[in-house]
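Residue 449 is where the sequence shown starts when you use the working numbering, and the numbers rise one by one after that.
Note that CB positions come from ideal geometry on N, CA and C, so glycine has one too.
Worksheet: the structure to be examined is printed underneath.
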Amino acid sequence: MCGIVGFIGKKPAAPVLLDGLSKLEYRGYDSSGIAVYDGSTIQVKKAKGRLKVLSELTHDGATMPGTVGIGHTRWATHGEPSDVNAHPHYNKAGTIAVVHNGIIENYLKIKKRLQAKGYEFLSETDTEVVAHLLDYYYKGEPLEAISQVLYRLDGSYAFGILFADHPDKVYAVRKDSPLIAGIGRDGNLIASDVPAVLKYTRDIYFIGNGEIAELSLDAIAFYNTDGESIEKEAKHIDWDENAAEKGGYEHFMLKEMYEQPKTVRDTISPRLKDNDIVIEELGMTDEEIRAIDRIRVVACGSAYHVGVSAKYIFEGMARLPMEVDTASEFRYRNPILGEKELVIIISQSGETADSLAALREAKEHGNLTLGIVNVVGSSIAREADRVMYTWAGPEIAVATTKAYSAQLVAMYLLAIKFARVNGRLSDGQLKEYITDLKKLPEQIEMLLNNDERLQKFANRYVAAKDVFFIGRGIDYAISMEASLKLKEISYIHSDAYAAGELKHGTISLIEEGRLVGAILTQKDLYKKTMSNIVECSTRGAFILAVTNEENTEIEKIADYVIYIPQTNPYFTNSLAIIPMQLFAYYVAVGKGCDVDKPRNLAKSVTVE
Ligand code: M6R
């Protein structure tokens, strides 16, 4: 997914832009470029390939003097990855330069109109229309030209814009694609994501839809599209600058897996008070909680899997019905929502386009919405009625691990809260749950320490073509996440099946040597899943089993066993997923895959 950085300050802009773009590399890209005002004109340099190529081309920015500039990493959508399609794009005179994230849906129509007026296009991108359209409407007033252009665009966008005859300003505007502005010591910045600016500032403005930011050397002003000034408050972000560095680990994903004990602790502990669960952010009285008769979780990818796991917990522990929807389906199917239904949107980035649209849909229905979000101030965090933050810090690797673990425990806390308020938990049970919750970080750490053994095992599967993960109940939810982790980073086809479903078709794919990952953490379902394992192993499958410490007899049937420590059955997901993450990671490393930036994937999916 594309990345934007912009800078106006007292020091050379190009090195700041290159450094900021390097912090956005994790989003995935195939070309990059920067534009810097050199005192008389806007200079543009662009290059296909890694950021390294652009750095070499500009001698780490030294050949591009000037203290005002914008930069971009492009993930091709309209037009192949190439120097010419890379951003920034500019008008014919080279006096206006633009970088863009998102998609301009009506760009072909605009392009035709501009061509009819004599405008010539160099690239195949949707973005170039914006540079020419700005040129068309520009009469010396940047704000006026930007507003005129915005009125004519359909789609989602975040722009960074330079005007050569306003060289003391950088402009930024967005709609449905994230963009922030930061107040730095040596200048001000824009970026599509917080890690890009952490080295320079932690004081951040989250630019709202349709808001235009005007950055000068010592101020950031905001306007609406009528040119009226807007008051905004900066938020202080606590994230550590080093959180966006690998810190000695080979990959961000590995580092983030190892951060899970902390992430889980940080998400749980502020909500444990006097041996009770206190979730102040819920902003609901016990009476209001009791009034909720159904919960709906809407999310995408791994966050959706958290929802699937939570369904078993809410229904089992709190006896509260829960529906779980993928956001891309929910938003277009004209859903029927109950009046007293709480809608929970789970999202690490808080910017996932489908999840954001689902949130808006739920709000239109008049339902109370709660965001479980990791990025402070993100769109979902701002728009949801209530926000419960997961304290995972910045997650850089495309494949989520620590944010997923934090989302899981956030859902445990909510389930316990609802169960307690609804009279479903005795004092004794509450005490036991809290004791088990507190143990999770240490137990996760223990499982992480098993990584050498798993690495050896994973090395045997780098050439696998298909892998199946099976389980029942919560173990099925764990299987879904285990399967997604493996396929997204190792490119090995894998599927998750509710173990009981195997014999309804999928078992025909089980053959000699096929790897089947079986999760058996639920005591009441253990024997049932065991029968399914036997069905697979008698057909020649190699069984990797993840189960509780006491189930040692499984070794008679499974070929490789990983034991998880004793915890409450509702919390086993937090433990069983750890070896599955490590397995996926080491298979991908063994295959030589780009673990942190898997092909075709973006960290934050801000387009449909
Ligand atoms: O930022 P979000 O939590 O809304 O992202 C949702 C999914 O895009 C995300 O979980 C995705 O599936 C990851 N690649 C999984 O590792």
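**Message:** From the DSSP secondary-structure annotation, give me the bridge partner or partners of Arg-808.
**Reply:** None, per the DSSP bridge assignment.
**Asked** Who are Leu-610's beta bridge partners in DSSP?
**Response** Bridge partners of Leu-610: Ala-545.
**Prompt:** Alpha carbon to alpha carbon, what distance is there between Pro-643 and Gly-635?
**Reply:** Between Gly-635 and Pro-643, the C-alpha separation is close to 17 Å.
**Request:** Can you tell me which of Gly-487, Tyr-648, Asp-602 puts its alpha carbon nearest to the alpha carbon of Leu-610?
**Result:** Gly-487
**Prompt:** Going by beta carbon distance, what residues of the same chain come within less than 8 Å of Tyr-584, once the five residues before and after it are set aside?
**Reply:** Leu-562, Lys-565, Tyr-567
**Request:** For the alpha helix (DSSP H) containing Tyr-852, list its first residue and its last residue.
**Result:** 850–869
**Item:** Rounded distance between the beta-carbons of Ile-482 and Lys-465, thought under 8 Å
**Value:** The question names Lys, yet the displayed sequence has Leu at residue 465. Confirmed, Cβ separation roughly 5 Å.
**Message:** Based on DSSP bridge pairs, tell me the residues matched to Arg-522.
**Reply:** Ser-479
**Item:** Three-way DSSP call (helix, strand, coil) for Asp-624 in this model
**Value:** Assigned with DSSP and collapsed to three states, Asp-624 falls in strand.
**Asked** Out of curiosity, what's the CA-to-CA distance linking Glu-893 and Glu-707?
**Response** If you take the alpha carbons of Glu-893 and Glu-707, they lie about 9 Å apart.
**Prompt:** Regarding Gln-1029 and the ligand M6R, is the C-beta to nearest heavy atom distance less than 6 Å?
**Reply:** no
**Message:** Under DSSP, the alpha helix (DSSP H) around Glu-880 begins and ends at which residues?
**Reply:** 875–896
**Asked** Roughly how many angstroms lie between the CA atoms of Phe-1031 and Asn-898, to the nearest whole one?
**Response** 11 Å
**Message:** Starting from Met-836, trace the beta strand (DSSP E) in both directions and tell me its first and last residue.
**Reply:** Taken as a continuous stretch (DSSP letters only), the beta strand (DSSP E) holding Met-836 covers 834–837.
**Prompt:** Looking at the structure shown, is Tyr-780 part of a helix, part of a strand, or coil, going by DSSP?
**Reply:** coil
**Prompt:** In chain order, what residues of the same chain lie with their CB nearer than 6 Å to the CB of Leu-973, ignoring the 5 residues before and after it?
**Reply:** Arg-920, Gly-921
**Request:** Compare the C-alpha of Val-532 against each of Ala-966, Ile-558, Lys-494, Thr-511 and name the closest.
**Result:** Lys-494
**Request:** Quick one: grab the DSSP three-state call for Asn-999.
**Result:** Three-state result, Asn-999: coil.
**Message:** Using CA atoms only, rank isn't needed, just tell me which of Tyr-555, Ala-829, Ala-867, Lys-788 is closest to Asp-574.
**Reply:** Tyr-555
**Message:** Check whether the region 714–724 and the region 670–677 are in contact - that is, three or more C-beta pairs closer than 8 Å.
**Reply:** no
**Request:** Could you name each continuous beta strand (DSSP E) segment of 3 residues or more that falls completely within the region 627–709, going from the start of the chain to the end?
**Result:** 628–631, 635–639, 651–654, 660–664, 667–671
**Request:** Please find out if some non-hydrogen atom of the ligand M6R comes closer than 6 Å to the beta-carbon of Thr-848.
**Result:** Checking the Cβ of Thr-848 against the ligand M6R gives yes.
**Request:** Find the nearest neighbour of Ser-640 within the set Lys-617, Thr-649, Gly-608, judged by alpha-carbon distance.
**Result:** Gly-608
**Item:** Cβ-based burial, Gly-871 [other Cβ within 10 Å; buried from 16]
**Value:** An exposed status is given to Gly-871, since fewer than 16 other beta-carbon atoms sit within 10 Å of its beta-carbon.
**Asked** Within 10 angstroms of its Cβ, does Val-726 collect 16 or more other Cβ (buried), or is it exposed?
**Response** exposed
**Asked** Based on Cα-Cα distance, which residue from Gln-1014, Pro-1013, Ala-993 lies nearest to Lys-1004?
**Response** Ala-993
**Request:** Identify whether Phe-917 lies in helix, strand or coil by the three-state DSSP scheme.
**Result:** strand
**Message:** Give me, in chain order, the residues of the same chain whose beta-carbon lies closer than 6 Å to that of Ala-845; leave out the 5 immediate sequence neighbours on both sides.
**Reply:** Phe-700, Met-701, Glu-704, Asp-1044
**Request:** Can you say whether Glu-576 is buried or exposed, counting buried as having 16 or more other CB atoms within 10 angstroms of its CB?
**Result:** Buried, by the Cβ-count rule.
**Asked** Is Cys-450 near the ligand M6R, in the sense that its beta carbon is under 6 Å from a heavy atom of that ligand?
**Response** No.
**Item:** C-alpha distance - Gln-1029 paired with Thr-849, whole-angstrom precision
**Value:** 7 Å
**Item:** 7 Å Cβ shell around Asp-651 - same chain, five flanking residues per side excluded
**Value:** Gly-630, Ile-631, Ala-682, His-684
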